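Q: Let me begin by handing over the structure; questions about it come next.
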Amino acid sequence: MLSKSDYRYFEKAHQAALISDFNKTHVGCIAVYQGNIIAIGCNTHKTHPRQQYYNQFRTIRYSDSKYLPKMHAEIHCLNVIRNLDINFAKVKLYVYRTRKDQDFGLSRPCASCIAAIRDLGIRQIYYTTNEGYVFEKIEIKN
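So that you can map any letter, position 140 of the sequence shown is 140 in UniProt numbering, and since no number is skipped, the others follow by simple counting.
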C-alpha cells in the first residue's frame with residue numbers, strides 16, 4: 001500500500017519526465033532520502049560514459065547492434081547522488097513514464113539501470129506500470 005508521500009513523490013517524478021527531450025518516451029526519476037528529494041533525473045539524448053558502461057548489462061537483440069549511451073532517467077538521477085556520504089540502503093527511487101494514450105506506462109528500470117542501482121546499494125524502487133504503481137525491493141548481491 002502506497003502512502004500519500006509516495007503519491008507526491010510519483011507526481012514529482014512525473015514532472016521530471018515532462019522535462020525529457022526524447023520524442024516518444026518520457027521518463028523521470030527522483031531519489032528520496034530521509035523524506036527529502038535529493039536528486040532528479042530524466043531520460044535525455046545526451047550520452048554519458050556511465051550509461052555506456054552500464055549498457056553492458058543489457059541484452060542486445062541483434063549481434064551486429066549496440067546501444068547508444070543515451071542517458072536513462074535512473075542513471076541521470078544516480079549520477080547526482082553517487083558521491084554523497086549517505087546510507088544508500090535508505091534511498092528510495094521513484095520512476096515515472098508518461099504515455100500519450102494513458103496516464104502512465106511501464107517504467108521498471110532496465111537491466112543496466114538495475115545494475116547501477118545495485119552498485120550503489122539502493123534497495124527500494126517504486127515505478128509505474130500500465131495499470132498503476134508498484135514497489136519492488138532489490139536484492140543486493142554480495
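For each residue, glycine too, the CB sits at the ideal point set by N, CA and C. Quick caveat: nothing in here was measured; it's all calculated off a predicted structure.
Restricting to Cα atoms, I'd like to know which of 110, 126 and 138 is closest to residue 1.
A: Considering only alpha carbons, the answer is 126.
Q: Would you be able to state if there are at least three C-beta pairs under 8 Å between the segment 30 to 43 and the segment 113 to 120?
A: Segments in contact, no.
Q: I'd like the list of long-range same chain contacts for residue 45, defined as Cβ closer than 7 Å, with 5 residues on each side in sequence excluded.
A: Only 21, 22 and 70 meet the Cβ criterion.
Q: Comparing alpha-carbon positions, which option in 18, 19, 88 and 50 lies nearest residue 38?
A: Of 18, 19, 88 and 50, the residue nearest in Cα terms is 88.
Q: Where are the alpha helix (DSSP H) runs, 4 residues long or more, that stay fully inside the UniProt domain "CMP/dCMP-type deaminase" (4 to 142), in chain order?
A: Listed in chain order, they are 4 to 17, 49 to 54, 73 to 81 and 111 to 120.
Q: Excluding five sequence neighbours on each side, which residues of the same chain lie with their C-beta closer than 7 Å to the C-beta of residue 104?
A: Cβ neighbours of residue 104 beyond the five flanking positions: 96, 97, 98 and 128.
Q: Within the same chain, show all residues whose beta-carbon is closer than 6 Å to that of residue 25, passing over the 5 residues directly before and after it, in chain order.
A: None.
Q: In angstroms with no decimal places, state the Cα-to-Cα distance between residue 120 and residue 109.
A: Taking the straight line joining both Cα atoms gives about 15 Å.
Q: Could you pull out every residue in the same chain whose Cβ sits closer than 7 Å to the Cβ of residue 92, ignoring the five residues on either side in sequence?
A: So the qualifying residues of the chain are 32, 124 and 126.
Q: Can you grab the Cα-Cα spacing for the pair residue 8 / residue 58, in whole Å?
A: So the two alpha carbons sit approximately 31 Å from each other.
Q: Name the residue from 133, 85, 54 and 41 whose alpha carbon lies nearest to the alpha carbon of residue 106.
A: Among 133, 85, 54 and 41, the Cα nearest to that of residue 106 belongs to 133.
Q: Check whether the Cβ atoms of residue 118 and residue 140 sit closer than 8 Å, and answer yes or no.
A: Yes. Within cutoff.
Q: What do you get for residue 51, buried or exposed, if any count of 16 or more other CB atoms within 10 angstroms of its CB means buried?
A: Label assigned to residue 51: buried.
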